[in-house]
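Q:
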Amino acid sequence: MTDERLAGLWSDEILHPGSVESVDLVFRRDGSGWLYWSSWSTEFAVSRFTWATAGELVLKFHRTLEGTWSIDNGVTRHDVESNEKEESVIEVGYEIAPGEDPFGTPVTLLSLDRPLTEHLAGSRFAWAEKPESLSDPSADASRPDPSSRH
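When we follow the numbering used here, the leftmost residue of the sequence shown carries the number 28, and every step to the right adds one.
(1) Measure the alpha-carbon distance for VAL47 versus SER66 and round it to whole angstroms.
(2) Starting from the N-terminal side, write out each stretch of the beta strand (DSSP E) that is 3 residues or longer and does not extend beyond the region 130-161.
(3) With distances taken Cα to Cα, identify the nearest neighbour of PHE88 among GLY120, SER97, LEU143, THR95.
(4) In three-state DSSP terms, what is LEU18?
(5) Would you kindly work out how many angstroms separate the C-alpha atoms of GLY126 and PRO133, rounded to a whole number?
(6) Just tell me which of VAL53, THR80, VAL50 has its CA closest to the CA of TYR121.
(7) To the nearest whole angstrom, what separates the beta carbons of SER49 and THR77, a pair I think is in contact under 8 angstroms?
(8) Residues in the same chain with beta-carbon distance under 7 angstroms from LEU36, minus the five sequence neighbours each way, listed in chain order, please.
(9) Please report the Cβ distance between LEU42 and ALA72, rounded to the nearest whole angstrom; I am assuming they are in contact, meaning their Cβ atoms lie under 8 angstroms.
(10) When we look at the beta-carbon of ARG75 and count the other beta-carbons within 10 Å, is it buried (16 or more) or exposed?
(11) When the distance is taken between beta carbons, is SER38 closer than 8 angstroms to ALA193?
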């Protein structure tokens, strides 16, 4: 069973405006998703997972990509420097409830019972976007040429 209320984009940037790092959590209706961490230093990491809810939120991570991002003519580009298989499972309690951003604007909050420190993420995110318009930011990123590895 899957909690459809999770489907979409949740971001901590809304809760921490001006922070040098941000994390987006994406849950797609097909059971796939990703955690996107980025920093003003132009580093990023995308950790892909499958997800389900059975009392708790279960995230089964299967791939992590890391690299740098840049902006070219207003378009964010990702250069993947590391693409590694990952095998980890995180089970966390969660709650979805009304809340406010730092400016008092009403938001829907996703609160986890502990931070996702293994993936540089906290435990509180605000609803940001519907799932129909979401795409993995690293899906069309440039990859290192495997023949150039030593």
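A virtual CB, placed ideally from N, CA and C, is assigned to each residue, including glycine.
A: Result, derived from the coordinates:
(1) Within the sequence shown, residue 47 is the residue found at index 20, counting from 1. Within the sequence shown, residue 66 is the residue found at index 39, counting from 1. Computed Cα separation, rounded: 6 angstroms.
(2) 133-139, 151-156
(3) Translated into the one-based positions of the sequence shown, residue 88 becomes position 61. Closest option to PHE88, Cα to Cα, is LEU143.
(4) Absent from the structure is residue 18, since the part of the chain shown begins at 28 and ends at 177.
(5) As a first step, residue 126 is located in the sequence shown; it is residue number 99 there, counting from the start. As a first step, residue 133 is located in the sequence shown; it is residue number 106 there, counting from the start. GLY126 and PRO133: Cα-Cα distance of roughly 6 angstroms.
(6) Working through the sequence shown from its first residue, we reach residue 121 at position 94. Among VAL53, THR80, VAL50, the Cα nearest to that of TYR121 is on THR80.
(7) Taking the sequence shown and counting its residues from 1, the one referred to as residue 49 is at position 22. Taking the sequence shown and counting its residues from 1, the one referred to as residue 77 is at position 50. About 23 angstroms separates the two Cβ atoms, so there is no contact after all.
(8) Counting from one through the sequence shown, the residue named residue 36 turns up at place 9. Cβ within range, chain order: ASP51, VAL53, ALA155, GLU156, LEU161.
(9) Walking along the sequence shown from the start, residue 42 turns up at place 15. Walking along the sequence shown from the start, residue 72 turns up at place 45. Incorrect: roughly 20 angstroms between the Cβ atoms, too far for contact.
(10) Position 48 of the sequence shown, counting from 1, holds the residue named residue 75. Label assigned to ARG75: buried.
(11) Here the chain comprises residues numbered 28 to 177, so residue 193 is not present and cannot be evaluated.
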